[in-house]
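Student: Here it is, the structure in full.
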Amino acid sequence: MPRFCLCYPQKEPTSMSILAECVSPGKAPHRFCVGFLMGMVVASLIAAPLIMNGDNYYRYRTEPVSHVGGVSRMAMQEESTERSAELWSERSVLDREPQDIRDPASDLDTADRHLHRDDNTVAQRLTEEVRVLVWVMTSPQTLQSRAKMIRDTWGKRTNKILFFSSKSDPDLPAIGLNVTEGRTHLMEKTNRAFRYIYDNHMDDADWFMKVDDDTYVIMENLRYLLSGENSSEPLFLGHHFHLRYRSRGAGTMKYLHYQSGGAGYVISKEALRRFGEKGRDEKLCRQTHGAEDIGFGQCMINLGVRISNSTDVLGRSRFHCFPPGHFTGGRYPSWYHAYDANGARKGVQSMSDYAVTFHYIRPSEMQTLDYLIYHLRPYGVLHALQNLNREHNTTSLPAGHSEVFAQP
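So for the sequence shown, my numbering puts the first residue at 185; every next one is plus one.
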């Protein structure tokens with residue numbers, strides 16, 4: 185009779201009794217016992233990680249430590265293991281009574297800095313080292329919608345932000361410039377705003393940026409761009425435009441250079457100092473009327489301020505006078521091809537990974553951009569820092585020259 189019966193004694197068998205029977209001296213092993221032993225080995229291998237706690241399991245990981253973008257892979261593995269242990273230790277929600285299920289949002293802190301866990305050490309350091317004051321040109325009609333949305337989104341990441349309107353508003357707050365509303369008065373509003381900043385906030389920052397109330401700014405990328413510049417030099421950065429025209433007399437074709445007003449532009453502390461000291465001279469700076477960005481651009485050049493190349497080391501744009509979709513798809517108005525000094529390039533490949541501004545952004549779209557930039561993440565993708573600043577930033581124009589000659 186085969187020894188198969190040994191595995192079914194009258195007394196209820198246990199794992200140890202079966203094992204003892206199968207390995208007893210003088211008893212030849214048979215197929216069942218061999219299969220039983222192999223099953224125990226496999227079960228032990230499967231159960232081992234579950235028996236160990238998170239810390240012990242983590243210690244047995246043999247993958248070497250590496251760092252990508254300042255984040256330790258081993259640290260990520262440890263955190264993932266701890267979270268897995270938490271999930272295993274909890275009962276399934278399906279097994280709980282409704283009153284026992286805690287609201288998952290009860291402990292959620294909706295403050296911006298807590299909604300993601302990125303390592304922002306470099307960005308925080310630049311916040312301290314590259315001080316930027318941003319002033320927003322708004323109006324009583326758009327203050328409640330556009331200006332407040334800026335305050336509640338990207339405006340929170342500025343070192344200091346000021347809102348200028350034709351009338352003061354204590355709630356935002358907005359500083360009243362006592363200037364008539366309308367596009368024909370933008371030049372006067374811009375001059376008065378910069379004079380106010382020169383008189384009251386000159387020492388609060390090293391760089392001073394003007395934007396419209398429908399411009400979105402990625403402050404971290406702006407500070408990175410400016411970290412490669414010297415604020416003690418007279419510099420002027422933004423989306424470089426040039427206006428081609430025929431000069432009087434000889435009829436030679438020339439270019440009038442300036443920065444797009446809608447894309448936002450930045451001047452250094454030295455440039456602001458020159459404006460504060462000589463900006464009231466009508467021979468150097470237009471005081472009223474005319475296009476604000478052209479007028480202020482010519483004022484800067486007449487004061488010896490250099491128009492700096494704001495593209496990245498690959499020649500890609502960082503300041504944008506339209507929404508992102510216009511550049512990715514090349515949907516430009518006809519005039520843009522003549523004005524853009526960077527050749528009106530199109531496609532994602534023409535835009536810097538460290539873009540700074542986008543213009544014509546509605547309030548709801550500002551919220552969308554805030555989410556896409558600061559909260560949406562592809563799982564498992566770690567973004568390494570790139571060195572995209574020009575090592576020695578070239579200038580589009582030499583100091584003191586407002587015109588560059590072109591072919592007649």
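Backbone N, C-alpha and C fix where the C-beta goes; we use that ideal spot for every residue, glycine too.
With DSSP collapsed to three states, give me the class of residue 510.
Tutor: In this structure, residue 510 counts as helix in the three-state DSSP scheme.
Student: Taking the alpha-carbon positions, what's the residue 388 to residue 356 distance?
Tutor: 20 Å
Student: Cα separation between residue 502 and residue 325?
Tutor: 29 Å
Student: Alpha carbon to alpha carbon, how far is residue 429 from residue 316? Give it in angstroms, no decimals.
Tutor: 35 Å
Student: Please classify residue 396: does DSSP put it in a helix, a strand, or coil?
Tutor: strand
Student: Specify, as a first and last residue, the run of the beta strand (DSSP E) that residue 443 falls within.
Tutor: 437-443
Student: Return yes when the Cβ of residue 408 is within less than 9 Å of the Cβ of residue 310, no when it is not.
Tutor: yes
Student: Just the Cα atoms here: how many angstroms apart are residue 482 and residue 424?
Tutor: 13 Å
Student: Quick one: what does DSSP say residue 338 is sitting in, helix, strand or coil?
Tutor: Helix.
Student: Comparing C-alpha positions only, which one of 398, 468, 437, 453 sits nearest to residue 418?
Tutor: 453
Student: Indicate the three-state DSSP secondary structure (helix, strand or coil) for residue 420 in the structure shown.
Tutor: strand
Student: I'd like the list of long-range same chain contacts for residue 575, defined as Cβ closer than 6 Å, with 5 residues on each side in sequence excluded.
Tutor: Shown here for residue 575: not one same chain residue has a beta carbon closer than 6 Å to its own, the five before and five after excluded.
Student: Using only alpha-carbon positions, find the residue among 351, 323, 319, 383 that is nearest to residue 339.
Tutor: 319
Student: Give the DSSP-derived three-state secondary structure of residue 446 in the structure shown.
Tutor: coil
Student: Using only the alpha-carbon positions, how far apart do residue 412 and residue 490 sit?
Tutor: 15 Å
Student: For a test of the three-state rule: what should DSSP assign to residue 429, helix, strand or coil?
Tutor: strand
Student: Can you check which of these residues, 347, 379, 303, is closest to residue 458 by C-alpha distance?
Tutor: 379
Student: Any idea what DSSP makes of residue 359, helix, strand or coil?
Tutor: strand
Student: According to the Cβ coordinates, are residue 475 and residue 361 closer than 9 Å?
Tutor: no
Student: With distances taken Cα to Cα, identify the nearest neighbour of residue 460 among 484, 537, 479.
Tutor: 484
Student: Nearest by alpha-carbon distance to residue 496: which of 535, 559, 359 is it?
Tutor: Here the closest residue by C-alpha is 535.
Student: What distance in whole Å lies between the Cβ atoms of residue 463 and residue 375, which are believed to be in contact at a cut-off of 8 Å?
Tutor: Their Cβ separation, rounded to whole angstroms, is 7 Å, which keeps residue 375 and residue 463 in contact under 8 Å.
Student: What does DSSP give as the partner residues of residue 344 in its beta bridges?
Tutor: 317
Student: Is the beta carbon of residue 400 less than 9 Å from the beta carbon of residue 542?
Tutor: yes
Student: For residue 506 versus residue 544, is the C-beta spacing smaller than 9 Å?
Tutor: yes
Student: Measure the alpha-carbon distance for residue 516 versus residue 522 and round it to whole angstroms.
Tutor: 11 Å
Student: Between residue 442 and the rest of its own chain, which residues show a CB-CB distance below 6 Å, the 5 nearest in sequence each way excluded?
Tutor: Contacts found: 425, 477, 478, 481.
Student: Kindly indicate which three-state DSSP category residue 140 falls into: helix, strand or coil?
Tutor: Because residue 140 is not part of the residues shown, which for the chain are 185 to 592, the question remains open.
Student: Could you spell out the range, first to last residue, of the alpha helix (DSSP H) harbouring residue 558?
Tutor: 547-558
Student: Residues in its own chain within less than 6 Å of residue 615 by CB, not counting five upstream and five downstream?
Tutor: The question about residue 615 has no answer, for the chain in this structure spans 185 to 592.
Student: Quick one: Cα of residue 333 to Cα of residue 550, how far?
Tutor: 7 Å
Student: Just the C-alpha distance for residue 509 and residue 352, rounded to the nearest angstrom, thanks.
Tutor: 35 Å
Student: Please tell me whether residue 381 and residue 392 are closer than 9 Å, where the distance is taken between their beta carbons.
Tutor: Less than 9 Å divides the Cβ of residue 381 from the Cβ of residue 392.
Student: Helix, strand or coil for residue 262 per DSSP?
Tutor: Because residue 262 sits at a pLDDT of 44, beneath the cut-off of 50, its placement in the model cannot be relied upon, and the point is left open.
Student: Please list, in chain order, all residues of the same chain as residue 294 whose beta carbon is under 6 Å from its beta carbon, the five residues on each side excluded.
Tutor: Any reading at residue 294 is ruled out, since the residue's pLDDT is 41, under 50, leaving its predicted position unreliable.
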